[in-house]
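Per numbering that gives the first Met the number 0: the sequence shown = residues 0 to 223. Backbone N, C-alpha and C define an ideal beta-carbon position, used for all residues, glycine too. No experiment lies behind these values; they were computed from the predicted model shown. Contents: one structure, followed by commentary.
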Amino acid sequence: MPAKAKQQPKYARLEAEVRRERLILATIESVGEVGYSATTVREICRRAEVSPGLLRFHFAGKAELIFHAYERLLKDFISGLLEVVRDENIDPRARLVAFVEACFDPNRHPEDRLSMMLAFWSELRQHPKIRGPAAEMFVSYRAELVEVIEEVAKVEGNADEVDASLVAISLTSLVDGLWLERCVNPQGFSLVDAKLACYGLLDGFLFCGTNEQWLQVRGAGRNI
């Protein structure tokens with residue numbers, strides 16, 4: 000009988016997982032602080048306090064590590080939003096409101112973490128390995144938002160007139176654009192303004208600008 004392969008001790012597996020996690024977090028931190036080009040293997044390892052050889056043990060190289068770091072950021076960002084979209088304990092309209100509120104909740108999305116997302120976004124066009132999986136995650140996340148929008152349209156009796164896919168694309172693109180603008184110019188507008196812009200978009204698509212509840216929210220929250 001062939002000899003049994005030696006099993007890696009549990010503590011060794013744990014140590015390997017810890018090192019891998021430290022490398023991912025060090026990459027996120029470095030890209031956010033010094034940018035992609037200055038995030039070298041040496042810089043990542045310095046921050047993670049591991050040797051370059053250990054980085055190559057866990058990842059094929061910098062490109063693969065960058066992918067896993069961006070994937071981590073994106074999953075953290077999307078998972079929190081999906082949590083509120085999937086909450087079946089509240090009605091569809093309330094879920095849309097909760098989605099908008101969650102998008103601009105500084106406790107969920109610290110601005111320094113979103114600045115790191117911006118640094119990764121700038122690299123997407125040059126790195127298909129990152130861009131492809133990222134696009135798949137966004138498509139999946141948007142599809143769940145489409146379902147909620149369709150439910151709202153049914154409740155309002157205008158399902159035949161609402162293109163839920165277009166509403167979802169418009170809303171998620173607006174959210175991305177607003178965060179991009181805040182990363183560049185944090186003083187340009189408040190998070191309240193950002194949320195009101197999203198409510199205005201949803202109101203226009205779903206209620207033709209006539210929804211009293213959201214009109215009141217906008218009127219109360221916007222000081223001109």
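Evaluate contact between the stretch 30 to 41 and the stretch 81 to 96, counting only Cβ atoms and requiring at least three cross-stretch pairs below 8 Å.
no
Please name the residue in 27, 169, 103 and 191 whose C-alpha comes closest to that of residue 61.
Here residue 61 is taken as the residue at index 62 of the sequence shown, counted from 1. Closest option to residue 61, Cα to Cα, is 27.
On the premise that residue 147 lies in contact with residue 94, defined as a C-beta separation below 8 Å, what is that separation, rounded to the nearest angstrom?
What you label residue 94 is simply residue 95 of the sequence shown in a count that begins at 1. What you label residue 147 is simply residue 148 of the sequence shown in a count that begins at 1. At roughly 5 Å, the Cβ-Cβ gap stays under 8 Å, so residue 94 and residue 147 are in contact.
Of the listed residues 41, 14, 15 and 47, nearest to residue 23 (C-alpha basis)
Locating residue 23 in the sequence shown gives position 24, counting from the first residue. Out of 41, 14, 15 and 47, 47 has the C-alpha closest to the C-alpha of residue 23.
CB of residue 140 within 7 Å of CB of residue 43, strictly
One-based indexing of the sequence shown puts residue 140 at position 141. One-based indexing of the sequence shown puts residue 43 at position 44. Contact: no.
Put residue 151 into one of helix, strand or coil per three-state DSSP.
As a working note, residue 151 is residue 152 in the sequence shown. Residue state, collapsed to three classes: helix.
May I ask you to report which of helix, strand or coil DSSP gives residue 39?
Against the sequence shown, residue 39 aligns to sequence position 40. In this structure, residue 39 counts as coil in the three-state DSSP scheme.
Cβ pair count under 8 Å reaching 3, the stretch 119 to 126 against the stretch 54 to 71
At 8 Å Cβ cutoff, the stretches touch.
How many Å lie between residue 195 and residue 79 at the Cα?
In the sequence shown, residue 195 corresponds to position 196, counting from 1. In the sequence shown, residue 79 corresponds to position 80, counting from 1. Rounded to the nearest angstrom, the two C-alpha atoms are 20 Å apart.
With a 10 Å radius around its C-beta and 16 neighbouring C-beta atoms as the bar for buried, classify residue 165 as buried or exposed.
Numbered from 1 along the sequence shown, position 166 holds the residue referred to as residue 165. Flag for residue 165 reads exposed.
What three-state label does DSSP hand residue 168 in the structure shown?
The count along the sequence shown starts at 1 and reaches residue 168 at position 169. It is helical.
contact_flag[the stretch 130 to 144, the stretch 158 to 175] where n(CB pairs < 8 Å) is 3 or more
Between the stretch 130 to 144 and the stretch 158 to 175 there are three or more C-beta pairs closer than 8 Å, enough to call the two in contact.
For residue 193, which residues of its own chain have a beta-carbon under 6 Å away from its beta-carbon, when the five flanking residues on both sides are left out?
Taking the first residue of the sequence shown as 1, we reach residue 193 at position 194. Counting only Cβ-Cβ distances below 6 Å, and skipping sequence neighbours, we find 103 and 177.
If you compare alpha carbons, which of 33, 50 and 32 is closest to residue 21?
The residue you call residue 21 lines up with position 22 of the sequence shown. Ranking the options by Cα distance to residue 21, first place goes to 50.
CA-to-CA distance, residue 202 to residue 53, given in whole angstroms
On the sequence shown, position 54 is the one that residue 53 refers to. On the sequence shown, position 203 is the one that residue 202 refers to. Approximately 52 Å, taken between the alpha carbons.
Suppose contacts are defined by Cβ-Cβ distances below 7 Å. Is residue 174 in contact with residue 118 by that definition?
As a working note, residue 174 is residue 175 in the sequence shown. As a working note, residue 118 is residue 119 in the sequence shown. No, Cβ-Cβ distance for residue 174 and residue 118 is not below 7 Å.
Classification of residue 56 by the beta-carbon crowding that lies within 10 angstroms, buried from 16 upward
Along the sequence shown, one-based indexing puts residue 56 at 57. With fewer than 16 Cβ atoms within 10 Å of its Cβ, residue 56 is classed as exposed.
By the DSSP assignment, the alpha helix (DSSP H) with residue 126 in it spans what residues?
Stepping through the sequence shown from its first residue, residue 126 is reached at position 127. Element bounds for residue 126: n/a, residue is neither H nor E.
Simplified DSSP assignment, three categories, for residue 109:
Reading the sequence shown from its first residue, position 110 is the one you call residue 109. Coil at residue 109, not helix or strand.
Exposed or buried, which one is residue 13 when buried takes at least 16 other CB atoms within 10 Å?
Taking the sequence shown and counting its residues from 1, the one referred to as residue 13 is at position 14. Caution applies to residue 13, whose pLDDT of 46 falls short of 50 and renders its modelled position unreliable; the value that the coordinates give is listed next. Classification of residue 13: exposed, given that the 10 Å Cβ count is below 16.
If I'm right that residue 204 touches residue 161 with Cβ under 8 Å, what's the distance once you round it to whole angstroms?
The residue labelled residue 204 in the question sits at position 205 within the sequence shown. The residue labelled residue 161 in the question sits at position 162 within the sequence shown. That belief holds up - the Cβ atoms of residue 204 and residue 161 are roughly 7 Å apart, short of 8 Å.
Would you mind stating whether residue 163 and residue 180 have Cβ atoms separated by less than 7 Å?
In the sequence shown, the residue the question calls residue 163 occupies position 164. In the sequence shown, the residue the question calls residue 180 occupies position 181. Cβ atoms of residue 163 and residue 180: not closer than 7 Å.
Straight-line CA distance for residue 109 to residue 182?
On the sequence shown, position 110 is the one that residue 109 refers to. On the sequence shown, position 183 is the one that residue 182 refers to. Whole-angstrom Cα-Cα distance: 11 Å.
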